[in-house]
Structures are given as C-alpha cells and as structure tokens.
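Below is one structure, written out as structure tokens, with a few remarks after it.
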Amino acid sequence: MDWYMMNCELLATCSALGYLEGDVYHREPDCLESVKDLIRYLRHEDETRDVRQQLGAAQILQNDLLPILVQYPQEKVLFDAVIRLMVNLTQPALLCFGKVPQDATSRHHFLQVLSYLQAYKEAFASEKVFGVLSEKLYDLLQLDWEQRQEEDTLLIERILLLVRNVLHVPPDPMEEQGVDGDASVHDRVLWALHISGMDDLLKFLASAQAEQQWALHVLEIISLMFRDQSPEELAALGQGQAAAEHGEDTRELETLRQRELAEKRARALQRPSRHSRFGGSYVLQGLKAIGDRDVVFHKGLHNLKSYSHDLGKEMRRVPRRRQAAPEAEPPRRSARNVRLFLCRFCQDFLEGCYNRLMLLVKDQLVREKAQQHDETYYLWATAFFMAFNRRRGFRPELVSETVGVRAFHFIEQNLTTYYEMALMDKKEAVTWARRMHLALKAYQELLRTVQEMDRSPEQAVRDSSQVIKSNIFYLMEYRELFLALFRKFDETKQPRSFLRDLVETAHLFLRMLERFCRGRTGLVVQSKRVRRRKKPRVPASLASQPPSAAELEELWAGLGPQLQACLQGEVPLPEDVVPFDAASETPVEEQRAEALLRIQGCLQDAQVPQALRLLRSARDVWPEGDVFGPPDAGPPEETRLLREILFAPLPRHVPPEAEEPEEEEEEDEEEEEEMMQVSEKEFNFLDYLKRFACAPVVRALVLLLRGYARNSPRTNHCAARLLHRLARDLRMEALLFQLSLFALFHRLLSDPAAGAHQELVALAKFILGKFFALAATNKKAFVELLFWKSPAAVREMTEGYSSLQEGEGAGRGRVPPWTPQEEQELRELYWKYKEVEGEDVIAAILAHLPAPGRTRRQVVKQLVRLGLASSAKDFPRERKGTRLVLWTQEQEEELTRLFEEFQGSEDVLGNIMKHLTARRSRARVVEKLLGLGLVSERKELYKKRRRKGNGPGLSVAGAPAVPAQDSSAEDGDSEEEEDEDEAEEGPMEEHWAPEEGAGQGLAHRLHQEGLAGPLRWLENCLRRTAGDREEDGVSHPVPLVPLSEENEDAMEDRRFQSLLRQLGLRPPASEQESFWRIPAALTPQQLRRAAASIAHHGPDSPGPPRQLLEPSRCPQDPDSAEQPSAGLGSDSESEEPVPISSAVQPGTKRHRELDSEDEDGGSSGTEPAPATPHSQEDEDEDPQPLGRRKRVRRVEEEEEEEEEEEED
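Structure, rendered in structure tokens:
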C-alpha cells in the first residue's frame, strides 16, 4: 500500500487543521475538532498502525502540529489537544507493536514507523519548540498545589512524556555516520533542551519537595539524555584533560601505524627476486591433497604461509541460534559544547538532586508503585553518576544514598533475579541479559567506590569502607555471585561487553578480598549448605483413605432408590460413556481394571446412571469371564455386581509418567526436601580462588582475549591477571593447556603489534614453557590439549593418571563403570531370563548380579547401550493394582467344588490354593469362603496336625487345629500374598498342650547343627516360666524376647519355629505382636516336660540335664531386675558360646529396648541359683562363658594365630 495516498476521511481531517504560509501558520476554524478527530483515529488503528504511518508520511507533525504549538501557546484547550496528539504520535515503536516483529511484513511496518519517529526527532531539534514547552512547564510549576487543577497535572505529565518520547527515538545509523565530535540529531535536541532551560526545570523537579510524583519521569528523561555518553569522558572534561584525550587518540593511531609498518616490512622480506606475475608452481611435500598426491601450489612462495585447504570455500553460515549476541550501541563523543553542558548538569545534579531523587525512586520501587522494570533506570543512574563522582574529585557525601550494604543487597537481589529469569525465560533471554548487564555495571561501580573510599584522607570514610567490606565479604551470596555468572555465561544471549564487565568486576572483587584478608588471621565468613533430607513418598493408597464398611453401607442404602429408578428406565442413562479406548497404549487388561475403578468412583460420587452405563458398556467390551456379569444379566444381577464393585477394596495407583521413561528411579524412590543450613567457617582465600579453577571460567576468559586487539588495556590486564592467578597462585598451569588458548597465543606472538600487549606475551611464554616441560615426561599432554580440564584432570596430568584416590576427582559419586566381565554376565542373564513368561527381566537380572550393586535404571541403560534393547520402554514396570478381585460365577463354582473335595484333608486351604485355576491370595480365598458360607470362622481352615497320643491337658476333641504354615514356596504366591496370609492366619488355640517328649528329635538335630545356645536359652525360659506360675498361681502369656543376635537369628529359623510349635508355643497372632509367646494354658508340669525334651544329653555329661536342680526365672520377669547378679551360673544359664560354623543364617536385626536385663547379665530369682555342674568338655573349651563382643574378639585372635602358623 502506498502510504502517501491517504484515506479520504483522514485527508479531510488533516486539511481542516490549517496551512503554513512562510513562517506563519493559519489555523482553520475546525482546527481543535480536527485534532480531536486525529486522536480518535489513532485510537482505532489496526495492527499495522496504518493511521500512524499515513500521518507520518504526510508529515503532519512537522508541517501542522509543531507550528500550531509554537504560534498558539495561549490557546489552552488547543495546546492541550496538540500535546496529547504529539505524545501519541511519538510513542516508541516497541510500545506500538509490543515487541520487534519476526515476520517480514510486520517488521516492515515496524521499521516504517521507526523511520517516521526519527523524522519527528529531527523536527524537535528546535529551540522554539522547546522554548514553548519550557515556558508552559515553568508556568504550571509556579502554581501552588491548591491552585493546580487536574488538567494542569495532566499537562505536566504529558509534557514530560513528550520530552521522554523524543529523546527515546534511536539514531538512524545510515543517516548519522559522522565522526566523534560532530553534532548528531540527539546532540541538537539536547542543545535545544539546554537553551530553552528545560534542564533547569528537570533539576527543580528532582529536588523539589512538592514534586515527588515526577521522580521516575525525571530519572527516565535524564537516563535518555546521557544515553550515548561515557561518565569517565564527561568527568575528565574541563579539568585540563584535553591533552589526555588527544594522547589517547595518538596512542591508538600509533598502534595502528606500528602494525601497518610491520606488515610492510614482512611483505618486503617475502618479495621474490623474479617478476611478480611469474609465480611458478611448487609441490608441498608432506601436505596431501584430496587424493594421495601432494598439494601443488600455483602461487609465489611469499603466499605460502597464508595457504589453507579452506581457500576458495564458501563461508559456513552460522545458525541464528548460535550467533553472538548483538552489542549495545557504543558510546560516542558528542560535540564539545554539548559535553560541557552535560558535565555541568552532572555536577549540579549530584550536588543538589542525586541523593534525594534516588531515595524517592527506591522507595517507589520497594513499595511497587512504579511500572514493571523501572528499576533499570535506578541501576543505570547508580552506575553513571557514581562513576562520574569517582572520576570528578570523589566526594562520597554526594552519593551517600547509594553507598552502603543496602545498596549492595538491592543490586545483588536484582542481579540474581535477572540471572534466574534469563535461565527460565528462554525467549526473552537477550532482554534479561541486558538488564543483568545494567545491574552488573552498578555492582562494579559500587565496588570501585568502596575501593576509592579506602584511599580517602578522612578516617571516617575509610572506617565506613571497612564496615561495608566486612559485610559483603562475610555473606556468601556476594562471593558466589561471580562464579554463577561465569558458569552460566552464554555468548549467544549475552554480548561481549557483558563478559568484559564481568571479568573486570571479578578481578576487582578478588583483589579487594585478597587485600582484606591480608594481615587478618582467623577471618570468619558465613557458609550456607543445602542439606537434603530424604522422605519416603506417600503411596497413593495412603494419600486418600478408602471409606469404611459402615460408610459404604450407608452410601449403598442411599443409592438404592436411584439405582432402582435407573434399572426400571425411569432415569435416562448417558450415551457418551466409553469404557475402552482403542487408540490408547494402555493394555486391555489394565483398561479393564481402570473400568472397575471408574465404576466404583461413580458409585462413590452418587453418579448411578454413569456407573450403570459403564457396567453395561464394559460387559459388551469384555464378555469373557463374566467379570462384569453374564450377557443376559437382569436387574438383580446388575444390582449385586454394583454392590460388589462398591465394596471391593480396589487398589488405586498413580499412573506412571509417560515422559522420559529412562529417568525412572527405583521403586523405593524417595523425595528430597532441601534445608538451608547456615553456619560460620574460617575463610581461606586460596580455597575460594580454587572455585574459579574450572572450565567455564577459563573458557570465558579465552573468549574475551580473542579480541585482545580491540580490548582496552584494562580489560586485557584483568583477564591476564585472572589467568595468572589460576596458573601461578594455584599452581595449575595445566588448566590452561588448551588448544583454543594456544591458537590465541600463536596469533598474539606473531602479531606485529604485540609490543603493546607485553603482559599477555609474558603469560603466553610462561604457559607454553610449562607445557613443553610437561610434554617431555607426559606424551599424552598433546591429546589433553583437545579438552577443557578440571582440577582433577590437572592433577592426573601432572602427578600421574593413577594419582587420584578412590572418591576423588570428577568421577566421585558417579556410577561405577561396567567391566567387560560384568557386561558379558549381563548379556548371559538377559538371554537367560528374556523368554521367561510372567517374570520381570530386570528384577531377575538384579537378583543375580554380583557386587557392586546396580539399580534398575543403570541396568536398563546398559542394556540399551549394548544394543540388547531399543529403549527403556522395552522394560515397563509392573503396574500394581491391576489384579481383579471380583469372582466370576465359574470361579465361585470351582472354589465350592475344591472345598467340598478337600474338606476332610489336613490342609484344606493349602490344597485349594494348589488346585485353584485363577491366582488369588490366601486372604482373598479365605474371605470368599466366608462370604459363600462354606466356613463359619477362619479356624476351620487351619492346618491340622496328627499327634501320637493325648497328653494330660489335651482335650478329647482330637487333633488340634494349628495355623497353616507358610506355603508360599509351594503355591507360588507373591510376597504381597504372603504378607496377607500372615495377617489372616489366626492364633493357635490356647487349650492345646504339647505331648510328652514332643520335639526331642528335632531339638537333637538342631543341637548338632550349632543351635545349642538358643536351645539352652529356650529351656531356661520354659523352666523360669514354670517356676513363676507355681509361685504366683496365675498364668499369663509370656513373650519370648531374644536379646542376643544369636537367639534372634534362631527365632527366624523355620526349623526352630517348627520346634516351638511342637512344644505348644504360640506365634504372633496379629500385627500388634512381634514375639512368640508361651501360652497361659500350659501348666508348670507341661513346661518342665517341654524343657526336658529339648535338654541336651551329651555323651560326656553324666548326671541329670543341666538346670534341673533349680527352676530359673525368665528374662521377662518383672522381678528379675531387682535381684543381684548370680554367680557362676548367671551367664551360663542365658548364653553359651556356640560353634562358629552355625547353620543359622543371619536375618534382619531388630533392636529393641526393654526394661529387663540383658541375657548375658545372668538370671535372677528369689535366691541365687546354685552352680550347675559342667562337663569336662565345656570347661576345657570355655571355662567362663563369653559375651558376644568377647566371642568376636576371640574368633579374630584365633584367625590371626592360624594366619601366623600358615606363614611359618
């Protein structure tokens, strides 16, 4: 579209404004209405900003609005309307479009609007325009706040916004290509602003008590005024520093001249004696071409050094995402009169306005009264005016508002915020990087100001600087800031100027910290450490507790009428309920389980129509097995099914994350909650400096030094000093052995102007000398040049590749590598268990892998790496909670048939579990048998045992019912089912008594296998309990508490538990019980017979069995703690040493704290027990029984003696 062809309505409106005749503008009668119409048109423009572009193309602002503003300032209404229109027309293009458009069409419109704004700025470079604006603003400021109307306040704000918009327009690089010192458009606008007195009004607004509301407007205008200026150059102006400027320019020219002369001399030396146009052809031996032949060179020998295989090739385009971030506009030197005016403005502003204005602005920022990102103006002002004050005589009282710990904290907080946002907001990372750069420069200037305060002749100022330094060096946040910025530096998001300021600030901080630590011993700083405490994840089943049976009964009673109405057709059923998703990756079996959960959820939420529709739809999808009822199920059958589903304890599970299956952790994965632990430690400067010895810091320094020819001497010095600290102070020269840095050194040493960079040349020679000295002993050093190194790699290079101890270096805490033997074993295990159906391959592999222990994730990754699997998706975890708990009619009939078949057998439940087709846990089978009415109580299902004869206490009922033993190994149930079985097993009948001599044969076998100690402990407990019951006349169940590791292992042995059952002892009946118990029904005579049956009669032990002379007390006797320790028989009664080759495998150790005395502490009774006769064999082996620690020590001594005998 041709924007010079205006819209007819817009053209008519512009024509009604008036016309310019010479220097006089004649306005039309409808001028005011036309201005208001233009404001209204701008309010309704489209996304291309068509109205704005047409007005810019017609130059309405230059030809109409500015003349009206200059010639009719007394027309208040017209003046106000023109100001409103000009504020709208001059608003930044970024505000019009929101952001810089990416597509070509929108970007063209954006650039077109920007070009019109640049034309507007040139039109505002008029003293008349700013004179009118200054006079109007002066008249408005003369009014007191009682006389100032709302229209006056709005006009003041619009004038300030108009000045802000004009100064905000960026320069046109194509039009302004003048050298430093020429007056640009921005300089002319600033000069017009100065001549009109607007700068004095700005200083008044910044310092006046009654004009606090304009603080941020004034600060924004001032920041735009000094946008292209350097504070150091302005500060040096007018102090006889013109010669210094001239000298700096002279040095730059001299450097360029030296480089040019050196190149001329090099060309003269390379000039051949033959004619220059007869170059000849040469063969470069040892340099291969594309084929196997040597390269043929067709140019003169003087061009040989510039030969490369890349000659003639097209430059490879760098992707946009990898291109370096664009640099900000470099500061330019304005015209001298403009710089003098700005210098005086800075001086007046510092003396009368700075502290007050910065206080107001910070207060508005803290109270969040400002707009978003207005803190950037505060950061800029801090850096600029503090730098000006530092270079202009340095008076700390002029910048006292922004010097202090609070200023450091505010800037560090904003810098950290920008840093975090740059990492999170990837699309706007460049914008956040610019804000981060502003904060970094403000932080740098604060450090320089504190450093300058150290040199002050006033003692109070030096003391203040010491206080500030002690605070910032004490806190860890300030010390860790530079490390974080170095590690996350990205040249595609952050410009080279940011890296330059970062290096200079880090160098300054390190130098100040080093000097602060010098001469101080025991400097204490704050240290923060994140402690991660693991907490187990709360299972989903525990997160939401299922309703109780009473609640379900009440809920079902309330659902009855609604269900009847749905079954009779009175309530319509929804049609959009689908129980099966054919496109889902979830297996069909799991979708069937999810359908059951959905039905149960609808019933719990009282959504009966949805539940009934789901049931019928699921019956059509899964007709096999009649899980959801038979196809011809009627209302009674459907009612029964719904009730069963509602009352069924369906396991609910959290669906696993489908994303990134390789990131799955172990099933027992635990969450970590972080806790910040603050402490103090003694500071060591070298330890802190070692934190900078890492690849990101060295890489950033090398990147900065690549432009050493363009860098300032200050920048090169800071970068070289940091590298020198790492190489010399830390003795890590090998950290700089990198090919990129060596290529830079080569370019530097061959540079004709290298004389201007003596510090870098010295560093290069030092590093190269160290490298070649190391390469003489370590031939792998040349390969190490290809990699960035860590301190651990540096140590390996210099001290040997086996110098690192276990747990040191970069590999500590990592996964141990797989050896070839482990990989071969992994392959064999994988092929062995791959074809096993119904078994988790990874679980089987983990069970057979030797040490070191591997996790599931490590095994899966290694299988993928070996090519045995394509991805981790090949090994899905078994989803818990997918087993069905509903019984079909065929399964119920099968269960009834099996019960009738094995009803008279000894182990009814075990036989049913063996022959049951569908896999069910023992608890579910018992529950179903009770539900069907086949048994009335659980005791009927206990395993029956045959006895040889009836003892004195045995009832005539016959064989007792004993709880069925764990038969998980026989029926193949899972561990979960075993746990349920143990929970469902009932207690042993209390009225059953052991037969005389029961367990004697089993006890003899256990004694031969090394369980003599536990057997004696059990014998003592039985006798003590018998004595207690005789004395008290009351019988209570007595728990058997094993206090020693040996007895505890025996209590977990299956054969020892079988012995306990034969003796009539009762296992734990419920979850509340942990120990076996001596039943209350056993009489003292029965207990003594049981103890006699397990007593050991050795071939060399004459006389009666031990401990038959006096009954002893059980360790659980509450009175035993009051008795004194026994003599000889005290230890021997409780514990005896057993042979080391025990057949008992150690189990899980449970540490219990009881109020009873330890088993090794002896037994006690009413009287000390007499000494028990020992056999000669016992006396020879162990004259006095030993405790566990003594026995361990004795075993160790015997092993040492055996080793010494073998060596001899």
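First residue of the sequence shown? That's 120 in my numbering, and the numbers climb one at a time after it.
For every residue, glycine included, the Cβ atom is placed at its ideal position computed from N, Cα and C.
Between the C-alpha atoms of residue i and residue j, what's the straight-line distance to the nearest angstrom?
i, j, result
"A327", "D142", "38 Å"
"P515", "A325", "20 Å"
"E1300", "G1146", "Any reading at E1300 must be qualified, since the residue scores a pLDDT of 38, below 50, and its modelled position is unreliable; no value is offered."
"Q1181", "P768", "37 Å"
"S1177", "G1132", "17 Å"
"A355", "S349", "10 Å"
"E694", "V727", "14 Å"
"H528", "V522", "11 Å"
"E947", "P706", "29 Å"
"R750", "A730", "Here the sequence assigns Pro to residue 750, which means Arg is not the residue at that position. About 17 Å."
"R637", "W907", "32 Å"
"L682", "V690", "9 Å"
"S1283", "M1170", "For S1283, the predicted structure reports a pLDDT of 36, less than 50, and the residue's modelled location is therefore unreliable. The matter cannot be settled from this model."
"V880", "E531", "36 Å"
"Y138", "L188", "14 Å"
"V955", "V746", "28 Å"
"A1333", "R440", "There is no way to answer for residue 1333, as the model of the chain reaches only from 120 to 1327."
"N126", "M205", "20 Å"
"V960", "F994", "8 Å"
"Q1127", "Y952", "39 Å"
"L868", "E801", "43 Å"
Pull the bridge partners of residue i from the DSSP assignment, please.
i, result
"H145", "Y138"
"V415", "V402"
"Q645", "E799"
"P1161", "According to DSSP, P1161 bridges with nothing at all."
"I1197", "V1157"
"R1185", "R1196"
"K407", "D413"
Taking the alpha carbon of residue i as the reference point, which residue from the options has its own alpha carbon closest?
i, options, result
"A526", "G512, M543, A548, A558", "A558"
"P449", "F617, I278, R946", "F617"
"E520", "K488, V480, H492", "V480"
"H336", "P290, Q266, A489", "A489"
"A911", "M851, P742, Y593", "M851"
"L353", "I1213, A311, L459", "L459"
"L1017", "A991, S1040, K992, V1044", "V1044"
"C685", "L184, L262, H145, L761", "L761"
"L849", "R810, A814, F864, N835", "R810"
"D806", "K980, K951, R973, L629", "L629"
"R1329", "G175, L236, T167, I278", "Since the first residue of the chain shown is 120 and the last is 1327, residue 1329 is not available in this structure."
"Q585", "M595, E596, Y597, M572", "M572"
"P445", "E610, V304, D319", "E610"
"I409", "D993, S427, K418, S400", "S427"
"Q1358", "L982, A962, M916, L1014", "Residue 1358 lies beyond the range of the chain shown here (120 to 1327); nothing can be said about it."
"L905", "L855, A552, K546", "L855"
Would the segment 330-349 count as touching the segment 278-291 if we require 3 or more Cβ pairs under 8 Å?
yes
Inside the segment 175-201 only - alpha helix (DSSP H) runs reaching at least 4 residues
185-190
Whole alpha helix (DSSP H) elements within the segment 482-532, 4-residue minimum
494-510
Quick one: any contact between the segment 1018-1027 and the segment 968-987, if contact means 3 or more CB pairs under 8 Å?
no
With three or more C-beta pairs closer than 8 Å as the rule, is the segment 206-216 touching the segment 260-275?
no
Quick one: which unbroken alpha helix (DSSP H) runs of 4-plus residues sit fully inside the segment 1001-1053? Chain order, please.
1008-1020, 1027-1034, 1041-1051
At 4 residues or longer, what runs of the alpha helix (DSSP H) sit wholly inside the segment 708-764?
727-740
Is it true that the segment 306-313 meets the segment 404-420, where meeting means three or more beta-carbon pairs spaced less than 8 Å apart?
no
Can you check the segment 521-605 for any alpha helix (DSSP H) of at least 4 residues that lies completely inside it and give the ranges in chain order?
524-543, 548-573, 578-593
Evaluate the contact criterion for the segment 828-840 versus the segment 864-884: three or more CB pairs, one atom per stretch, below 8 Å.
yes
Kindly provide the ranges of any beta strand (DSSP E) runs that are 3 or more residues long and lie completely inside the segment 846-880, ordered along the chain.
none
Quick one: complete alpha helix (DSSP H) runs, 4+ long, within the segment 889-928?
900-903, 910-918
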